[in-house]
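Everything on this sheet refers to the single structure shown next.
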Amino acid sequence: MTDILQALAAVLEQRKSQDPQQSYVAGLYAKGLDAILKKIGEEATETVIAGKSGDSRQIVHEMADLWFHCLILLAYQDLQPEDVLNELQRRFGLSGLDEKAARNTD
11 MTDILQALAA VLEQRKSQDP QQSYVAGLYA KGLDAILKKI GEEATETVIA GKSGDSRQIV
71 HEMADLWFHC LILLAYQDLQ PEDVLNELQR RFGLSGLDEK AARNTD
């Protein structure tokens, strides 16, 4: 599963140097952080709507769009999917309540 994330991350990194007129992702990078965040917000809303519908295919479709745009944000900020996976690994086995309480003391 991480192979596809790594492959997407590599493509998204390549898009940083491409012509914004020729690449959707390069166009988002050129528009900047606010455009990327707006797109993530749109995709998150569409994912919520799909979740309410209960349509499995639509949920998967919208979740893929959301994850894709989150990967764009990671690349824009010079982060990798592994950074998120490492954080999930760190949290694995912790109570969600304990993990959240630990964040509140930082």
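Numbering follows my numbering, with no gaps: position 65 of the sequence shown is 75.
Backbone N, C-alpha and C define an ideal beta-carbon position, used for all residues, glycine too.
- Under the three-pair Cβ rule at 8 Å, the segment 23-31 does not count as touching the segment 100-111.
- Rounded to the nearest whole angstrom, the CA to CA distance from Gly103 to Ala17 is 28 Å.
- By the CB criterion at 7 Å, Leu22 and Leu81 fall inside the cutoff.
- When DSSP assignments are scanned along the segment 86-111, the uninterrupted stretches of alpha helix (DSSP H) that are 4 or more residues long and fall wholly within it turn out to be 91-101.
- About 18 Å separates the Cβ atoms of Leu89 and Glu53, ruling out a contact at the 8 Å cut-off.
- DSSP places Gln32 in the coil class of the three-state scheme, outside both helix and strand.
- Counting along the chain, Ser27 sits inside no alpha helix (DSSP H), nor does DSSP assign it H or E at all.
- Within the model, the alpha-carbon separation for Gly64 versus Val35 is close to 30 Å.
- Leu83 and Val94 have their C-alpha atoms spaced approximately 12 Å apart.
- Asp44: member of the alpha helix (DSSP H) spanning 43-63, first to last residue.
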